[in-house]
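Student:
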Amino acid sequence: MGGALVFWVGLIIAGLCVGAMFTFKSMADPTLWRTCTVLTLSCCYLMWGITYLAQLHPIIVPKRDDLRIDL
């Protein structure tokens, strides 16, 4: 799995955001519900995407000190 997974999940999240626009039409305050849903989905997606990509390509490569040197 590479960086393409972030793109595909982004498309799913975008579809959910569009679906939220039509789902909350009959509620008491649809603008509030739509805004909360879209902001929640986008913030969670960004947090997940940044964390996922940071683990795929770390800036600092970890060094292991417990390796045995064979002579």
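Quick note on the working numbering: the sequence shown kicks off at -18 and runs consecutively.
We put the beta carbon where it would ideally sit given N, CA and C, even for glycine.
(1) Helix, strand or coil for Ile(-6), going by three-state DSSP, please let me know.
(2) Return the Cβ separation of Gly(-16) and Leu37 in integer angstroms, given the expectation that the two are a contact with Cβ distance under 8 Å.
(3) Hey, would you say Ile(-6) sits closer than 8 Å to Tyr33, going by beta carbons?
(4) From what residue to what residue does the alpha helix (DSSP H) around Ile40 run?
(5) In the structure shown, what three-state DSSP assignment does Ile50 receive?
Tutor: Quick answer:
(1) helix
(2) 7 Å
(3) no
(4) Ile40 -> no alpha helix (DSSP H), and no H or E assigned at all.
(5) coil
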